[in-house]
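Residue numbers (mature numbering (1 follows the signal peptide of the UniProt record, and there is no 0)): -24 to -1, 1 to 172. Quick reminder that beta carbons are idealized off the backbone N, C-alpha and C, glycines included. Here's the structure, in structure tokens; my notes come after.
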Amino acid sequence: MRRKVSNPLALAVLAFLVMGPMHPYELGKQLKDTGKDRNIKFNRGSLYMVVEQLKKAGFVAEQETVKDTQRPERTVYALTDEGREELYDWMRELVRDPVHEYPQFGVALSLISVLDPAEAVELLRSRAAALRKDIDETHAMVAEATGEGVEWIFLVEEDYRVAVLEAELRLVDKLTGELAKADYQHRWRQFFGREQ
């Protein structure tokens, strides 16, 4: 389905506005404080732009403009009925329907045969080390959050992240082993005319 606003940041804005009206600055702070910025890339400018797009689409509306002496005027936005309907429809679609994504590592794997196997092995070993570090850091972050009483449902994207990283690590380890085999390296050198 083609959406009026299809940026993942828009979905996050709609989801956070379910909790109540907010100023874009508050939305950004909530996204960072809850760790959602690990999965949804944004900056202050993109957040304000998305809020404006959601407003034009009729999914959010200005609720009030707050003025205090310390800060400039701040417009607080609320979710409209159409916005609530869009949020739940979009979430159902994302949870239900698998979509083919085009990750950069998939592109690299599809073309990895152009690299000298010995070099590819070294690069993959570096990647494996980075993956292990990311997995360990994510486990530590989840353990800390759980220890602070954060419900598991608010960390489920980190479980997904670890599952994907662990699957990638298994593939990288297997591929490293295959590329390191002398017979493959010999055939690669023959094919690419690099026989020594």
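Distances from the CA of R(-22) to each of L63, K43 and Q39 were compared; the closest alpha carbon is that of L63.
A straight line joining the alpha-carbon of G125 with that of P(-1) spans about 27 Å.
Look at R(-23) here: in three-state DSSP terms it is coil, with no helix or strand label.
F35 is not a Cβ neighbour of E49, given a cutoff of 8 Å. When the five nearest sequence neighbours on each side are left out, the beta carbons in the same chain lying within less than 7 Å of the beta carbon of R101 are those of T152, in order along the chain. Take V(-20), set aside five residues on each side of it, and the residues of its chain with a beta-carbon closer than 6 Å to its own are Q29, L30 and A33, in chain order.
Beta-bridge pairing by DSSP links M117 to no other residue. The three-state secondary structure of R170, taken from DSSP, is coil. Boundaries of the alpha helix (DSSP H) harbouring A(-10): P(-17) to L(-8), taken from the DSSP string.
The DSSP assignment places no complete alpha helix (DSSP H) segment of no fewer than 4 residues inside the segment 124 to 154. Inclusion of A104 and L145 in the CB contact set at 8 Å is warranted, their separation being smaller than that value. In this structure, the alpha-carbon of E38 lies about 58 Å from that of P93.
Per DSSP, reduced to three states, the secondary structure at Q80 is helical.
Sequence-distant partners of M(-3) (beyond 5 residues in either direction) whose C-beta falls short of 8 Å from its own C-beta, in its chain, are F(-9), Q6, V52 and Y53.
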